[in-house]
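> Numbering (the UniProt record's numbering), first residue to last: 1 to 338.
C-beta: ideal position from N, C-alpha, C; glycine also.
Have a look at this one before I ask anything.
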Amino acid sequence: MAQMAEKFLLSKLSRAGFVALIAIATLCAVLGEPMVAAAAAAAAGIVIAGKTFHPNRVHQPWPKIQQAFFVVLLLILLASFWTGPWILSHWLYALPLVAFALVPPAAAAVVTLIIAVLAMIATQWAVGLADRHQMISAFLLTLLLSALLVFLRDYKTRQLAPLRRTDELTQAASREYLSADLHKEIQRSEREGTDMSIIMIGLDTHLSDDEPDEDIRSILPRIGRYLHSQIRDFDTYYRVADLQFLVILPGISTSDAIARAETIRKGLATLLESHGMNLTVSTGIAGLNIGDDANSLQQSAANALRRAQQQGGNRSQAYSSWSQPAQPSQPRAEGPVA
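Dropping the structure here:
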(Lines of atoms letter the chains of each structure in order from A and count residues from 1; the text may use other names and numbers.)
(Lines give C-alpha, C1' and ligand atoms only; values in the text may rest on other atoms or scores of the structure.)
Protein backbone atom coordinates (compact mmCIF):
# COMPACT_ATOMS: atom_id res chain seq x y z
CA MET A 1 0.00 0.00 0.00
CA ALA A 2 2.87 2.37 0.83
CA GLN A 3 4.52 1.66 -2.53
CA MET A 4 1.24 2.35 -4.34
CA ALA A 5 0.83 5.67 -2.48
CA GLU A 6 4.40 6.63 -3.28
CA LYS A 7 3.96 5.87 -6.98
CA PHE A 8 0.68 7.79 -7.06
CA LEU A 9 2.27 10.85 -5.40
CA LEU A 10 5.33 10.81 -7.66
CA SER A 11 3.11 10.46 -10.72
CA LYS A 12 1.05 13.50 -9.70
CA LEU A 13 4.19 15.55 -9.02
CA SER A 14 5.66 14.53 -12.37
CA ARG A 15 2.53 15.58 -14.24
CA ALA A 16 2.40 18.91 -12.40
CA GLY A 17 6.09 19.50 -13.16
CA PHE A 18 5.56 18.66 -16.82
CA VAL A 19 2.69 21.14 -17.10
CA ALA A 20 4.75 23.84 -15.37
CA LEU A 21 7.75 23.29 -17.66
CA ILE A 22 5.58 23.39 -20.79
CA ALA A 23 4.05 26.64 -19.55
CA ILE A 24 7.52 28.12 -18.96
CA ALA A 25 8.68 27.00 -22.41
CA THR A 26 5.62 28.56 -24.07
CA LEU A 27 5.91 31.82 -22.16
CA CYS A 28 9.64 32.18 -22.85
CA ALA A 29 9.09 31.47 -26.55
CA VAL A 30 6.46 34.25 -26.66
CA LEU A 31 8.75 36.66 -24.77
CA GLY A 32 11.67 36.05 -27.14
CA GLU A 33 13.88 33.84 -24.96
CA PRO A 34 14.48 30.86 -27.26
CA MET A 35 17.26 29.25 -25.21
CA VAL A 36 15.26 29.31 -22.00
CA ALA A 37 12.27 27.93 -23.90
CA ALA A 38 14.43 25.15 -25.35
CA ALA A 39 15.85 24.30 -21.92
CA ALA A 40 12.36 24.12 -20.40
CA ALA A 41 11.15 21.93 -23.27
CA ALA A 42 14.11 19.58 -22.81
CA ALA A 43 13.40 19.40 -19.07
CA ALA A 44 9.76 18.60 -19.86
CA GLY A 45 10.98 15.79 -22.11
CA ILE A 46 13.03 14.38 -19.24
CA VAL A 47 9.96 14.40 -17.01
CA ILE A 48 7.54 12.82 -19.49
CA ALA A 49 10.02 10.06 -20.39
CA GLY A 50 10.57 9.20 -16.72
CA LYS A 51 9.11 6.11 -15.05
CA THR A 52 7.32 8.25 -12.44
CA PHE A 53 5.20 9.92 -15.15
CA HIS A 54 3.69 6.53 -16.04
CA PRO A 55 4.36 4.19 -13.07
CA ASN A 56 3.08 1.10 -14.89
CA ARG A 57 5.16 1.60 -18.02
CA VAL A 58 8.02 -0.88 -18.26
CA HIS A 59 9.18 -0.64 -21.88
CA GLN A 60 12.91 -0.17 -22.08
CA PRO A 61 13.38 2.54 -24.77
CA TRP A 62 12.07 5.24 -22.42
CA PRO A 63 15.19 5.54 -20.20
CA LYS A 64 17.26 6.06 -23.36
CA ILE A 65 14.88 8.77 -24.54
CA GLN A 66 15.13 10.40 -21.12
CA GLN A 67 18.93 10.39 -21.34
CA ALA A 68 18.70 11.87 -24.85
CA PHE A 69 16.64 14.79 -23.49
CA PHE A 70 19.27 15.23 -20.75
CA VAL A 71 22.01 15.46 -23.39
CA VAL A 72 19.97 18.11 -25.21
CA LEU A 73 19.57 20.09 -21.98
CA LEU A 74 23.30 19.76 -21.31
CA LEU A 75 24.17 21.07 -24.79
CA ILE A 76 21.84 24.04 -24.29
CA LEU A 77 23.52 24.88 -20.99
CA LEU A 78 26.96 24.60 -22.58
CA ALA A 79 25.85 26.90 -25.40
CA SER A 80 24.66 29.43 -22.84
CA PHE A 81 28.23 30.00 -21.67
CA TRP A 82 28.96 31.66 -25.01
CA THR A 83 25.76 33.67 -25.09
CA GLY A 84 25.99 34.78 -21.47
CA PRO A 85 25.90 32.56 -18.37
CA TRP A 86 23.23 34.67 -16.67
CA ILE A 87 20.59 33.57 -19.20
CA LEU A 88 20.37 30.02 -17.86
CA SER A 89 22.25 30.32 -14.57
CA HIS A 90 19.29 29.12 -12.52
CA TRP A 91 19.18 25.85 -14.50
CA LEU A 92 22.70 25.01 -13.32
CA TYR A 93 21.51 24.50 -9.76
CA ALA A 94 19.41 21.46 -10.68
CA LEU A 95 21.93 19.96 -13.10
CA PRO A 96 23.94 17.84 -10.59
CA LEU A 97 20.84 16.15 -9.19
CA VAL A 98 19.44 15.50 -12.67
CA ALA A 99 22.80 14.09 -13.83
CA PHE A 100 23.12 11.65 -10.92
CA ALA A 101 19.50 10.57 -11.38
CA LEU A 102 19.76 9.78 -15.10
CA VAL A 103 23.31 8.65 -15.91
CA PRO A 104 25.88 6.42 -14.17
CA PRO A 105 27.64 8.05 -11.18
CA ALA A 106 31.02 8.27 -12.90
CA ALA A 107 29.56 10.02 -15.96
CA ALA A 108 27.44 12.29 -13.75
CA ALA A 109 30.53 13.32 -11.75
CA VAL A 110 32.45 14.14 -14.94
CA VAL A 111 29.54 16.17 -16.35
CA THR A 112 29.14 18.08 -13.08
CA LEU A 113 32.87 18.83 -12.87
CA ILE A 114 33.01 20.09 -16.47
CA ILE A 115 29.96 22.31 -15.97
CA ALA A 116 31.40 23.72 -12.71
CA VAL A 117 34.74 24.57 -14.35
CA LEU A 118 33.10 26.15 -17.40
CA ALA A 119 30.72 28.14 -15.17
CA MET A 120 33.62 29.61 -13.17
CA ILE A 121 35.55 30.46 -16.34
CA ALA A 122 32.50 32.00 -18.03
CA THR A 123 31.68 34.20 -15.03
CA GLN A 124 35.18 35.66 -15.11
CA TRP A 125 34.55 36.81 -18.67
CA ALA A 126 31.14 38.23 -17.86
CA VAL A 127 32.41 41.52 -16.48
CA GLY A 128 29.01 43.10 -17.14
CA LEU A 129 27.34 40.74 -14.69
CA ALA A 130 27.31 42.51 -11.32
CA ASP A 131 26.46 39.51 -9.15
CA ARG A 132 28.63 36.98 -10.95
CA HIS A 133 30.65 36.16 -7.81
CA GLN A 134 27.49 35.56 -5.80
CA MET A 135 26.18 33.37 -8.60
CA ILE A 136 29.22 31.10 -8.66
CA SER A 137 29.33 30.82 -4.86
CA ALA A 138 25.63 29.82 -4.84
CA PHE A 139 26.34 27.28 -7.57
CA LEU A 140 29.21 25.73 -5.60
CA LEU A 141 27.03 25.58 -2.49
CA THR A 142 24.36 23.81 -4.53
CA LEU A 143 26.99 21.33 -5.71
CA LEU A 144 27.91 20.52 -2.12
CA LEU A 145 24.25 20.03 -1.16
CA SER A 146 23.69 17.85 -4.23
CA ALA A 147 26.73 15.72 -3.36
CA LEU A 148 25.36 15.30 0.17
CA LEU A 149 21.93 14.23 -1.14
CA VAL A 150 23.51 11.73 -3.57
CA PHE A 151 25.63 10.29 -0.77
CA LEU A 152 22.60 9.93 1.52
CA ARG A 153 20.62 8.26 -1.28
CA ASP A 154 23.36 5.68 -1.91
CA TYR A 155 23.85 5.14 1.81
CA LYS A 156 20.12 4.52 2.26
CA THR A 157 20.12 2.08 -0.65
CA ARG A 158 23.01 0.10 0.83
CA GLN A 159 21.41 0.03 4.28
CA LEU A 160 18.00 -1.08 3.02
CA ALA A 161 19.27 -3.66 0.53
CA PRO A 162 19.46 -6.50 3.12
CA LEU A 163 15.89 -5.70 4.25
CA ARG A 164 14.32 -5.77 0.79
CA ARG A 165 12.63 -9.14 0.37
CA THR A 166 11.01 -8.58 -3.01
CA ASP A 167 12.33 -8.02 -6.50
CA GLU A 168 11.18 -4.55 -7.56
CA LEU A 169 10.36 -5.56 -11.13
CA THR A 170 8.42 -8.79 -10.59
CA GLN A 171 7.46 -8.54 -6.89
CA ALA A 172 8.91 -12.04 -6.42
CA ALA A 173 10.94 -12.73 -3.28
CA SER A 174 14.66 -11.94 -3.60
CA ARG A 175 17.09 -14.74 -4.31
CA GLU A 176 19.11 -13.85 -1.19
CA TYR A 177 16.33 -15.29 0.99
CA LEU A 178 15.75 -18.46 -1.03
CA SER A 179 18.25 -20.79 0.67
CA ALA A 180 17.19 -19.78 4.19
CA ASP A 181 13.46 -20.05 3.41
CA LEU A 182 13.91 -23.36 1.61
CA HIS A 183 15.93 -24.73 4.53
CA LYS A 184 13.09 -23.83 6.92
CA GLU A 185 10.50 -25.50 4.69
CA ILE A 186 12.62 -28.65 4.44
CA GLN A 187 12.95 -28.80 8.23
CA ARG A 188 9.20 -28.33 8.63
CA SER A 189 8.43 -31.01 6.06
CA GLU A 190 10.76 -33.51 7.74
CA ARG A 191 9.42 -32.67 11.20
CA GLU A 192 5.76 -33.03 10.16
CA GLY A 193 6.34 -35.91 7.74
CA THR A 194 4.74 -34.10 4.79
CA ASP A 195 5.65 -33.83 1.13
CA MET A 196 7.31 -30.79 -0.41
CA SER A 197 8.25 -29.91 -3.98
CA ILE A 198 9.74 -27.02 -5.88
CA ILE A 199 9.26 -25.83 -9.45
CA MET A 200 11.86 -23.92 -11.41
CA ILE A 201 10.41 -21.92 -14.31
CA GLY A 202 12.46 -20.54 -17.18
CA LEU A 203 11.77 -18.75 -20.47
CA ASP A 204 13.17 -20.62 -23.48
CA THR A 205 14.98 -17.60 -24.86
CA HIS A 206 17.62 -19.78 -26.55
CA LEU A 207 14.93 -21.05 -28.94
CA SER A 208 13.85 -17.59 -30.12
CA ASP A 209 16.49 -15.00 -30.93
CA ASP A 210 13.94 -12.67 -32.53
CA GLU A 211 12.75 -11.12 -29.27
CA PRO A 212 15.06 -8.31 -28.08
CA ASP A 213 16.03 -8.26 -24.40
CA GLU A 214 13.99 -5.13 -23.67
CA ASP A 215 10.80 -6.78 -24.97
CA ILE A 216 11.40 -9.83 -22.79
CA ARG A 217 12.02 -7.75 -19.68
CA SER A 218 8.91 -5.69 -20.35
CA ILE A 219 6.78 -8.78 -19.78
CA LEU A 220 8.44 -9.78 -16.49
CA PRO A 221 6.07 -7.74 -14.25
CA ARG A 222 3.07 -9.51 -15.80
CA ILE A 223 4.78 -12.87 -15.33
CA GLY A 224 5.30 -12.00 -11.68
CA ARG A 225 1.64 -11.08 -11.25
CA TYR A 226 0.55 -14.29 -12.97
CA LEU A 227 2.73 -16.45 -10.70
CA HIS A 228 1.35 -14.64 -7.67
CA SER A 229 -2.19 -15.45 -8.80
CA GLN A 230 -1.37 -19.16 -9.22
CA ILE A 231 0.15 -19.94 -5.81
CA ARG A 232 -1.47 -20.48 -2.42
CA ASP A 233 -1.09 -18.04 0.44
CA PHE A 234 1.63 -20.13 2.07
CA ASP A 235 3.52 -20.86 -1.18
CA THR A 236 6.42 -18.57 -2.10
CA TYR A 237 8.09 -17.74 -5.39
CA TYR A 238 11.52 -16.26 -6.05
CA ARG A 239 13.33 -14.69 -8.95
CA VAL A 240 16.48 -16.83 -9.08
CA ALA A 241 17.91 -15.48 -12.36
CA ASP A 242 17.14 -12.84 -14.93
CA LEU A 243 14.50 -14.98 -16.67
CA GLN A 244 14.01 -17.78 -14.14
CA PHE A 245 11.73 -18.22 -11.13
CA LEU A 246 11.47 -20.84 -8.40
CA VAL A 247 8.27 -21.77 -6.53
CA ILE A 248 8.27 -23.58 -3.16
CA LEU A 249 5.21 -25.82 -2.67
CA PRO A 250 4.90 -27.15 0.90
CA GLY A 251 2.69 -30.22 1.30
CA ILE A 252 2.70 -31.02 -2.44
CA SER A 253 3.92 -34.34 -3.81
CA THR A 254 6.00 -34.53 -6.97
CA SER A 255 3.11 -35.83 -9.08
CA ASP A 256 0.88 -32.97 -7.95
CA ALA A 257 3.72 -30.51 -8.53
CA ILE A 258 4.06 -31.77 -12.10
CA ALA A 259 0.38 -31.07 -12.75
CA ARG A 260 0.70 -27.63 -11.20
CA ALA A 261 3.84 -26.89 -13.22
CA GLU A 262 2.00 -27.79 -16.41
CA THR A 263 -0.82 -25.42 -15.51
CA ILE A 264 1.63 -22.62 -14.84
CA ARG A 265 3.62 -23.35 -18.00
CA LYS A 266 0.55 -23.31 -20.26
CA GLY A 267 -0.78 -20.17 -18.57
CA LEU A 268 2.52 -18.35 -19.10
CA ALA A 269 2.63 -19.50 -22.73
CA THR A 270 -0.84 -18.02 -23.25
CA LEU A 271 0.28 -14.79 -21.54
CA LEU A 272 3.33 -14.47 -23.79
CA GLU A 273 1.31 -15.24 -26.90
CA SER A 274 -1.32 -12.62 -25.99
CA HIS A 275 1.46 -10.00 -25.94
CA GLY A 276 2.78 -11.06 -29.34
CA MET A 277 5.93 -12.74 -28.02
CA ASN A 278 7.18 -15.86 -29.77
CA LEU A 279 8.54 -17.46 -26.61
CA THR A 280 7.93 -20.76 -24.83
CA VAL A 281 8.30 -21.75 -21.18
CA SER A 282 9.85 -24.80 -19.57
CA THR A 283 9.66 -26.02 -15.98
CA GLY A 284 11.78 -28.31 -13.84
CA ILE A 285 10.22 -30.10 -10.87
CA ALA A 286 11.96 -31.69 -7.89
CA GLY A 287 10.43 -33.37 -4.85
CA LEU A 288 12.00 -33.55 -1.42
CA ASN A 289 13.80 -36.82 -0.69
CA ILE A 290 15.68 -38.14 2.33
CA GLY A 291 19.06 -36.44 2.60
CA ASP A 292 18.10 -33.42 0.53
CA ASP A 293 19.11 -29.96 1.70
CA ALA A 294 18.37 -26.52 0.24
CA ASN A 295 21.29 -26.64 -2.20
CA SER A 296 20.71 -30.18 -3.48
CA LEU A 297 16.98 -29.56 -3.96
CA GLN A 298 17.63 -26.39 -5.93
CA GLN A 299 20.23 -28.19 -8.02
CA SER A 300 17.76 -31.00 -8.78
CA ALA A 301 15.16 -28.54 -10.06
CA ALA A 302 17.80 -26.65 -12.06
CA ASN A 303 19.01 -29.89 -13.67
CA ALA A 304 15.43 -30.84 -14.54
CA LEU A 305 14.83 -27.43 -16.15
CA ARG A 306 18.08 -27.70 -18.08
CA ARG A 307 17.06 -31.15 -19.31
CA ALA A 308 13.68 -29.82 -20.46
CA GLN A 309 15.31 -27.00 -22.41
CA GLN A 310 17.91 -29.31 -23.94
CA GLN A 311 15.10 -31.49 -25.26
CA GLY A 312 13.63 -28.55 -27.15
CA GLY A 313 11.88 -26.57 -24.44
CA ASN A 314 8.17 -25.91 -24.09
CA ARG A 315 7.78 -28.81 -21.64
CA SER A 316 7.86 -29.82 -17.98
CA GLN A 317 10.54 -32.17 -16.69
CA ALA A 318 10.68 -33.86 -13.27
CA TYR A 319 14.02 -34.70 -11.73
CA SER A 320 14.54 -38.44 -12.19
CA SER A 321 17.05 -41.25 -12.28
CA TRP A 322 18.65 -40.00 -15.49
CA SER A 323 20.61 -37.44 -13.42
CA GLN A 324 21.89 -39.85 -10.77
CA PRO A 325 23.30 -42.95 -12.55
CA ALA A 326 25.04 -44.13 -9.38
CA GLN A 327 21.67 -45.03 -7.80
CA PRO A 328 19.34 -46.10 -10.59
CA SER A 329 17.16 -48.13 -8.25
CA GLN A 330 16.12 -45.11 -6.16
CA PRO A 331 14.73 -42.42 -8.47
CA ARG A 332 13.85 -39.12 -6.84
CA ALA A 333 10.78 -38.37 -8.85
CA GLU A 334 8.68 -39.38 -11.78
CA GLY A 335 9.80 -39.15 -15.36
CA PRO A 336 9.46 -36.18 -17.71
CA VAL A 337 6.17 -34.72 -18.80
CA ALA A 338 6.31 -33.64 -22.42
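Taking the C-alpha atoms as reference points, what is the distance between Thr263 and Asp242?
22 Å
> To the nearest angstrom, how far is the alpha carbon of Thr280 from that of Ile201?
Going from the Cα of Thr280 to the Cα of Ile201 covers about 11 Å.
> For Ala172, name the three-state secondary structure that DSSP assigns.
coil
> If you count every other CB in all the chains shown that lies within 10 Å of the CB of Pro34, and 16 or more means buried, which is it?
exposed
> Compute the Euclidean distance between the alpha carbons of Thr26 and Ala42, then round it to the nearest angstrom.
12 Å
> Restricting to Cα atoms, I'd like to know which of Leu297, Val30 and Leu149 is closest to Gln187.
Leu297
> Do you know offhand how far Thr170's Cα is from Ser320's?
Spanning the two alpha carbons is a distance of roughly 30 Å.
> Identify every residue that forms a DSSP beta bridge with Gly284.
Gly284 is bridged by DSSP to Met200 and Gln317.
> Assuming contact is defined by CB atoms lying nearer than 7 Å, are Ala261 and Ile285 in contact in what I supplied?
yes
> What span of residues does the alpha helix (DSSP H) with Arg112 cover, start to end?
Note that residue 112 is Thr in the sequence shown, not Arg. Pro105 to Trp125 is the extent of the alpha helix (DSSP H) around Thr112.
> Mind checking whether Asp235 and Leu220 have CB atoms under 7 Å apart?
no
> What did DSSP end up calling Thr26 once you bin it into helix, strand or coil?
helix
> Return the residue from the list Gln66, Ala94, Lys64 and Ile65 that minimises the CA-CA distance to Leu77.
The option with the nearest alpha carbon to Leu77 is Ala94.
> Pull up the distance between the alpha-carbon of Val71 and that of Glu168, whole angstroms please.
Going by the C-alpha atoms only, they are around 28 Å apart.
> Output the distance between the C-alpha atoms of Ser189 and Gly267, rounded to the nearest integer angstrom.
28 Å
> Could you tell me the distance, in whole angstroms, from the CA atom of Ile231 to the CA atom of Ala259?
13 Å
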